[in-house]
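A quick write-up on the structure given underneath.
Residue numbers (this note's numbering): 2 to 388.
Below, the structure is given as structure tokens:
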């Protein structure tokens with residue numbers, strides 16, 4: 002390959018990249034002279050048929066001038082091989098022959114050639130053919146690029162619409178569950194904000210927590226108590242202390258929520274957000290020491306997303322005003338949660354809370370309201386357990 006061929010092929014967008022494959026140096030020089038000084042045309046010459054396919058794949062020609070007869074290869078066979086190669090499957094091919102033969106010409110077109118000329122034609126004619134085929138090829142490239150761009154745009158819009166619809170439905174379901182309580186306030190918004198702050202702090206040591214993972218956590222956290230839709234009002238909204246039997250009933254809500262989300266996940270098994278929501282609903286009341294519910298999971302058996310929401314949920318229960326208690330100061334709530342590190346909570350998540358106290362506090366402050374923010378019997382019990 003000549004020094005010229007080694008140069009990067011980067012003509013203007015509408016320019017031509019010409020590859021001549023011919024064993025005769027005299028033909029190469031003749032074509033070079035014809036194209037010399039022509040604006041927007043880059044010329045490459047290959048004398049060895051063994052290298053033709055590789056060079057074509059590398060430089061991306063807009064026109065291939067292929068000699069019909071070469072010492073070790075049939076030019077028509079090379080035409081077929083160009084068409085079988087992805088890089089040159091659509092590249093215009095002009096077959097160069099020493100004589101006009103109808104049968105050979107027909108075979109050239111059958112193999113995929115675009116043109117057939119007896120070499121060497123008049124320079125103006127060859128230049129016109131090169132510009133014509135190259136221009137048509139560039140136009141097709143632009144058309145395909147535009148079509149691909151439009152297809153990607155439409156697909157992206159459809160995905161965005163689908164994601165927005167799913168996210169809206171998820172939040173609507175969460176609000177439906179939350180509406181069972183009379184004094185929930187902006188609990189879901191605060192849980193999402195707290196969960197994001199914790200995850201972003203954890204990412205310093207867990208780079209696998211991508212932006213997408215954290216966004217999914219924000220959305221999925223809103224479904225942590227979706228299972229409460231299956232708890233009777235008499236238990237869920239009971240203002241007083243729960244009996245052991247009632248406590249057993251309230252502790253069923255993680256399993257109820259997980260079952261409901263698992264049914265949806267079965268229809269969308271590749272949806273990471275739904276899988277995360279299922280994990281949170283199922284395990285946000287598990288404890289690091291294995292004494293939680295419903296599965297008595299311990300340590301890393303509990304999904305990370307559930308360990309994060311567990312801290313966020315209890316912090317919100319402690320710092321929110323309830324009908325049965327005043328809001329606990331931030332410092333005291335953090336102290337109580339720190340006291341549960343290694344028993345109720347994952348020590349790593351508690352450490353993330355302590356390292357991001359200021360941001361954590363600000364994240365929830367924008368969602369606090371003047372009314373009670375309680376979650377009925379379940380939150381009351383959680384607050385007592387944390388204390």
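No residue lacks a Cβ here, since even glycine has one placed at the ideal position from N, Cα and C.
Would you report the Cα separation of residue i and residue j, rounded to the nearest angstrom?
i           : j           : result
residue 326 : residue 320 : 10 Å
residue 58  : residue 89  : 7 Å
residue 38  : residue 131 : 15 Å
residue 316 : residue 145 : 55 Å
residue 362 : residue 141 : 58 Å
residue 233 : residue 346 : 29 Å
residue 17  : residue 34  : 16 Å
residue 311 : residue 155 : 39 Å
residue 31  : residue 73  : 22 Å
residue 164 : residue 292 : 37 Å
residue 297 : residue 243 : 21 Å
residue 339 : residue 247 : 29 Å
residue 251 : residue 162 : 36 Å
residue 308 : residue 213 : 18 Å
residue 341 : residue 166 : 38 Å
residue 19  : residue 143 : 19 Å
residue 258 : residue 168 : 17 Å
residue 287 : residue 230 : 20 Å
residue 109 : residue 51  : 20 Å
residue 71  : residue 83  : 16 Å
residue 332 : residue 265 : 40 Å
residue 238 : residue 158 : 42 Å
residue 304 : residue 285 : 9 Å
residue 86  : residue 150 : 24 Å
residue 65  : residue 152 : 30 Å
residue 201 : residue 301 : 19 Å
residue 13  : residue 23  : Because residue 13 carries a pLDDT of 43, less than 50, the predicted location of this residue cannot be relied on, and the following value inherits that uncertainty. Using only the alpha carbons, I get a separation of about 26 Å.
residue 61  : residue 207 : 43 Å
residue 270 : residue 180 : 29 Å
residue 323 : residue 329 : 10 Å
Quick one: residues in its chain with C-beta nearer than 7 Å to the C-beta of residue i, no 5 flanking neighbours on either side, listed in chain order?
i           : result
residue 221 : 274, 277, 278, 281 and 306
residue 335 : 354, 355 and 358
residue 193 : 219, 222 and 223
residue 100 : 119
Among the residues of its own chain, which have a CB less than 8 Å from the CB of residue i, if the five just before and after it don't count?
i           : result
residue 128 : 35, 36 and 39
residue 172 : 189, 220 and 223
My assumption, with CB atoms under 8 Å, is that residue i sits in contact with residue j. Please give the rounded CB distance.
i           : j           : result
residue 147 : residue 313 : In fact, because the Cβ distance is near 47 Å, the residues do not count as touching under 8 Å.
residue 254 : residue 228 : 4 Å
residue 134 : residue 116 : 7 Å
residue 299 : residue 290 : 6 Å
residue 1   : residue 364 : What is shown of the chain runs 2 to 388, which leaves residue 1 out entirely.
residue 216 : residue 210 : Rounded, the Cβ-Cβ distance is 11 Å, inconsistent with contact.
residue 138 : residue 92  : 7 Å
residue 295 : residue 261 : About 14 Å; that fails the 8 Å criterion.
Please go through the same chain and pick out, in chain order, the residues whose beta-carbon is closer than 6 Å to the beta-carbon of residue i, but skip the five residues on each side of it.
i           : result
residue 46  : 21 and 29
residue 56  : 47
residue 368 : 187, 190 and 191
residue 178 : 226, 227, 229 and 230
residue 348 : 342
- Hey, which unbroken runs of the alpha helix (DSSP H) at 4 residues or more fall wholly within the stretch 271-314? The stretch 271-314 contains these whole alpha helix (DSSP H) runs: 273-284.
- Message: Restricting to runs no shorter than 3 residues, where is the beta strand (DSSP E) found entirely within the stretch 233-272?
- Response: Within the stretch 233-272, no complete beta strand (DSSP E) run reaches 3 residues.
- Query: Quick one: any contact between the stretch 93-109 and the stretch 66-80, if contact means 3 or more CB pairs under 8 Å?
  - Reply: yes
- Complete beta strand (DSSP E) runs within the stretch 71-141 (minimum length 3 residues, chain order): Those beta strand (DSSP E) runs which fall completely within the stretch 71-141 and span 3+ residues are 94-98 and 116-119.
- Item | Continuous alpha helix (DSSP H) assignments of at least 4 residues falling wholly in the stretch 26-75 | Segments of the alpha helix (DSSP H) lying fully in the stretch 26-75: 26-36 and 50-60.
- Item | Residue ranges of each alpha helix (DSSP H) within the stretch 138-213, 4 or longer | 188-203
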